[in-house]
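Structure first, then comments.
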Amino acid sequence: MDPNRFIAITGASGGGKSTILDALAARGHAVQPEIGRMIVREEMPDGALPWTRPVAFRDLLFHRSVAAYDSWAAERPGLVFFDRTFIEAIAWSRSTGAPVPDEMQHAARTRRFAQSVFVCPPWPEIYRRDAERRHDFAAARADYEANVAAYAAAGYDLIEVPRATPAERAAFILRALPVPP
1 MDPNRFIAIT
11 GASGGGKSTI
21 LDALAARGHA
31 VQPEIGRMIV
41 REEMPDGALP
51 WTRPVAFRDL
61 LFHRSVAAYD
71 SWAAERPGLV
81 FFDRTFIEAI
91 AWSRSTGAPV
101 PDEMQHAART
111 RRFAQSVFVC
121 PPWPEIYRRD
131 AERRHDFAAA
141 RADYEANVAA
151 YAAAGYDLIE
161 VPRATPAERA
171 AFILRALPVP
181 P
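Here the sequence shown is numbered in the UniProt record's numbering, starting from 1 and rising by one per residue.
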């Protein structure tokens with residue numbers, strides 16, 4: 001697999017990542033939605049949630065994100081955009097004080113994304129809480145800092161996505177790609 005096809009978008013909770021991915025999908029690109037939010041929706045009745053069972057949540061996030069990388073994304077032609085990745089499981093481990101399992105470190109070394117990772121900074125004007133995002137803006141900022149640190153530690157170059165309309169942000173990402181879209 002050519003990791004240059006796999007484009008990671010990370011950053012703060014509520015920073016506009018999913019909206020950017022919607023704009024990229026509207027342009028015909030393959031998009032992997034945020035797995036963490038999917039897990040929260042599915043696990044609400046059972047409680048494997050980030051705020052009640054953080055390690056169980058991390059493990060689900062990691063395994064599903066790796067599966068998306070290994071099978072779903074690999075089957076798509078062209079560029080594939082990820083709304084967060086398994087690197088976030090490493091960030092989550094560090095921010096909750098849980099040890100980072102060797103399996104996660106190995107995945108970060110062997111399953112690579114394009115060298116440039118796009119980062120959506122905290123943006124208080126668009127941040128909203130909902131049933132799946134219960135934390136406040138301060139926690140979103142901490143999430144951002146943990147994610148940025150995890151990607152940097154994994155050797156990626158971070159490119160901040162400017163605050164603009166979703167279409168302008170998607171266009172910025174496409175222009176910044178080292179390979180033609």
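Built from N, CA and C at the ideal position, the CB exists for glycine as well. This structure is a prediction, so every number in the text was calculated from the model and none was measured.
TODO: Could you check the C-alpha separation between Ala-107 and Gln-115 for me, to the nearest Å?
DONE: 15 angstroms
TODO: Identify the continuous beta strand (DSSP E) that holds Thr-10 and give its terminal residues.
DONE: 6-11
TODO: Answer with buried or exposed for Met-104, where buried requires no fewer than 16 other C-beta atoms within 10 angstroms of its C-beta.
DONE: buried
Open item on the list: Could you pull the DSSP bridge partners for Phe-82 from this structure?
Closed with: Ala-8 and Gln-32
Open item on the list: In the DSSP output, which residue or residues are listed as bridge partners for Asp-22?
Closed with: None, per the DSSP bridge assignment.
- [ ] Determine the direct distance from the alpha carbon of Arg-84 to that of Phe-62, and round the result to whole angstroms.
- [x] 11 angstroms
TODO: Give the C-beta separation of residue 182 and Cys-120 to the nearest angstrom, bearing in mind that I take them to be a contact with Cβ-Cβ under 8 angstroms.
DONE: Not covered by the structure: residue 182. The range shown for the chain is 1 to 181.
Open item on the list: Rounded to the nearest angstrom, what separates residue 182 and Ala-74 at their Cα positions?
Closed with: Any question about residue 182 goes unanswered here, given that the chain covers just 1 to 181.
Open item on the list: Please report the distance separating the alpha-carbon of Thr-165 from that of Ala-89.
Closed with: 29 angstroms
Task: Buried/exposed call for Trp-51, threshold 16 Cβ in 10 Å - done: exposed
Task: From Gly-15, Asp-70, Ile-87 and Gly-78, residue whose alpha carbon lies closest to that of Tyr-156 - done: Ile-87
TODO: Please report how far the alpha carbon of Thr-10 lies from the alpha carbon of Asp-22, in whole angstroms.
DONE: 15 angstroms
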